[in-house]
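Counting in numbering that gives the first Met the number 0, the sequence shown runs from 0 upward without gaps.
Using N, Cα and C, we set each Cβ at its ideal position, and we do this for glycine too.
Predicted model, so just to flag it, every value in this text is computed and none were measured.
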Amino acid sequence: MAEESTVAINDTKGTLGEIEVAPEVIEVISGIAASKVDGVYAMQGKLASGVSELFGRVDHKKGVHLTSDEEGLKVDIYCYFIYGVSVPKVALEIQEKVREQLLQMTDITLAEVNVHIVGIIPEKTELQELLDLDQEEDGDE
Numbered sequence: 000m001a002e003e004s005t006v007a008i009n010d011t012k013g014t015l016g017e018i019e020v021a022p023e024v025i026e027v028i029s030g031i032a033a034s035k036v037d038g039v040y041a042m043q044g045k046l047a048s049g050v051s052e053l054f055g056r057v058d059h060k061k062g063v064h065l066t067s068d069e070e071g072l073k074v075d076i077y078c079y080f081i082y083g084v085s086v087p088k089v090a091l092e093i094q095e096k097v098r099e100q101l102l103q104m105t106d107i108t109l110a111e112v113n114v115h116i117v118g119i120i121p122e123k124t125e126l127q128e129l130l131d132l133d134q135e136e137d138g139d140e
């Protein structure tokens with residue numbers, strides 16, 4: 000995220016003090032909300048994240064990038080969809096769920112939720128094939 004290390008929740012400065020949310024929290028909430036949408040196979044992440052998941056550690060903010068500018072907070076979601084789903088419908092549902100969940104949990108309104116579909120995955124794809132695909136993408140950077 001830009002220069003701020005936390006995001007203040009709308010007008011919470013009062014007699015009890017301020018409430019601030021770390022950008023990582025916004026990324027985690029967005030990642031969980033997006034990954035729970037039907038039609039999302041997985042979030043895009045680094046190879047290390049895929050290996051960590053094999054051992055039970057899930058990085059919920061992978062595939063989520065938060066930026067801030069004069070228009071406000073923007074979230075970019077990078078994910079794989081399941082083959083056969085309606086891409087516009089699933090992408091719209093991701094946008095709605097992420098906005099809704101962040102507003103409900105933090106009272107933060109996003110300026111934009113941008114959905115980037117980085118791949119379509121057949122339902123029976125093995126985890127190793129995804130790790131190989133992820134490794135190829137890491138080489139492109």
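Going by the beta-carbon positions, is the gap between residue i and residue j smaller than 9 Å?
| i | j | result |
| --- | --- | --- |
| S34 | L101 | no |
| E23 | H64 | no |
Which same chain residues end up closer than 6 Å to residue i when comparing Cβ atoms and leaving out the 5 residues on each side of it in sequence?
| i | result |
| --- | --- |
| T5 | E19 and A21 |
| P121 | Y82 |
| I119 | F80 and Y82 |
Among residues of its own chain, excluding the 5 on either side of residue i, which ones have a beta-carbon nearer than 8 Å to its beta-carbon?
| i | result |
| --- | --- |
| G38 | F80, I81, V84, S85, K88, V89 and E92 |
| C78 | A33, S34, V39, Y40, A41, M42, Q43, G62, I93, V114, H115, I116 and V117 |
| E149 | Nothing about residue 149 can be reported from this structure: the residues present for the chain run from 0 to 140 only. |
| G16 | none |
| M104 | I28 |
Does DSSP classify residue i as helix, strand or coil?
| i | result |
| --- | --- |
| A110 | coil |
| T105 | helix |
| S29 | helix |
| V84 | coil |
| S4 | coil |
| E70 | coil |
| L15 | coil |
| V24 | helix |
| V36 | coil |
Based on the DSSP secondary-structure assignment, which residues constitute the bridge partners of residue i?
| i | result |
| --- | --- |
| Y79 | A41 and G118 |
| V63 | I76 |
Give me, in chain order, the residues of the same chain whose beta-carbon lies closer than 7 Å to that of residue i; leave out the 5 immediate sequence neighbours on both sides.
| i | result |
| --- | --- |
| T108 | L102 |
| G36 | Here residue 36 is Val; the residue named in the question, Gly, does not match the sequence. Cβ neighbours of V36 beyond the five flanking positions: V89, E92, I93 and K96. |
Next on the checklist: Using 8 Å as the cut-off, can you tell me whether the region 64-81 makes contact with the region 108-119, which would need three or more C-beta pairs spanning the two stretches below that distance?
Outcome noted: yes
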